[in-house]
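My numbering puts the first residue of the sequence shown at 6, with every later residue one more than the last.
Note that beta-carbon positions come from the ideal geometry of N, C-alpha and C, so glycine has one too.
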Amino acid sequence: QQLRVTAGTDFGVHSPRWLSRFGDATRLAERYRVGRVLLAGDAAHVHPPVGGQGLNLGIQDAFNLGWKLAAEVNGWAPEGLLDSYHTEWHPVAADVLDNTRAQMQLMSTDPGPQAVRRLVSELMDLEEVHRYLIEKIIAIGIRYDFGDGHELLGRRMRDVGLKRGRLYELMHGGRGLLLDQTGRLSVAGWADRVDHVVDVNDELDVPAVLLRPDGHVAWAGEDQQDLLSQLPRWFGAAVSVQV
């Protein structure tokens, strides 16, 4: 009935098994963490479901937060690690809310939004625009601000093939990972929480990368002392190594 009212036809739809309605409200919690209370999913953000971005955002809430909670529970979380959940992910959610608002406007039948919609449709024929919008909607273009450094720093590392298998397969244990193409680096003091993989990929133009459990690049380079300065930032203090 609602289809006939809205579109003038029911498109042949009948006998639905499940129906749902949604509005255009957008809400975002001011803080994702207050003490021992952490918000994720619909408790943290609400917006129209265009593009399925709410599901994607909620899953990535958990992906960003999960390993940090595990670090806290297991006693090796560095100071401020849990707070980084809000710092890193709240701006991403705010961007998604803006994104869904814009898409809802483009669905309007008013002349103004329709003109913008036609323009956007033309722009999407450009490969760079198409790629930009895809990365924004599926959230693979996110780069956290970890300071100056390699262009990969703060980005989610793409899955690459290695001699021993796929990179993401090596991260199924939920630990950090040092992908070392030089064979000269060490994470001995963090071996209980960071895997050291000496392997190569011809397409990977960086000597080594340190990955957080969520796949984001925490460090890139080849200097051991520089690596040692970054390991405690994400993986806490080193443990004593018996010689």
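C-alpha gap between residue i and residue j, whole angstroms
i: aspartate 29; j: aspartate 100; result: 16 Å
i: alanine 144; j: arginine 122; result: 22 Å
i: arginine 106; j: phenylalanine 27; result: 13 Å
i: serine 126; j: glycine 154; result: 36 Å
i: phenylalanine 16; j: glycine 63; result: 32 Å
i: leucine 8; j: tyrosine 173; result: 44 Å
Sequence-distant residues of its chain with Cβ nearer than 8 Å to residue i (five each side left out)
i: glutamate 93; result: Asn69, Tyr149
i: valine 202; result: Leu167, Arg169, Leu175, Leu182, Leu183, Leu184, Asp185
i: arginine 171; result: Asp164, Val165
Own chain partners of residue i with C-beta closer than 7 Å, once the 5 adjacent residues on each side are dropped
i: aspartate 66; result: Ala45, Gly46, Ala49, Trp94
i: tryptophan 195; result: Leu236, Phe240, Ala243
i: leucine 33; result: His50, Ala98, Ala99, Leu102
i: proline 21; result: none
i: leucine 190; result: Leu183, Ala213, Gln229, Leu232
i: asparagine 61; result: Ile143, Ala144
Limits of the alpha helix (DSSP H) - the one that residue i falls within
i: leucine 233; result: 229-240
i: aspartate 88; result: 88-111
i: leucine 8; result: 7-12
i: alanine 120; result: 116-128
i: histidine 201; result: No alpha helix (DSSP H) holds histidine 201; the beta strand (DSSP E) holding it covers 199-203.
i: valine 134; result: 132-143
Span of the beta strand (DSSP E), counted from its first residue to its last, around residue i
i: alanine 75; result: Note, alanine 75: premise wrong, no beta strand (DSSP E); alpha helix (DSSP H) at 58-78.
Per-residue DSSP class, three states only, for residue i
i: arginine 32; result: strand
i: histidine 221; result: strand
i: valine 55; result: helix
i: arginine 148; result: strand
i: glycine 85; result: coil
i: glycine 170; result: strand
i: glycine 154; result: coil
Nearest-angstrom Cβ-Cβ length linking residue i and residue j, presumed shorter than 8 Å
i: leucine 215; j: leucine 183; result: 5 Å
i: proline 118; j: glutamine 108; result: Contact doesn't hold; Cβ gap of about 10 Å is too wide.
i: histidine 91; j: arginine 161; result: So it is not a contact: roughly 19 Å between Cβ atoms.
Residues near residue i by beta carbon distance below 6 Å, same chain, minus five either side
i: glycine 56; result: Ile142
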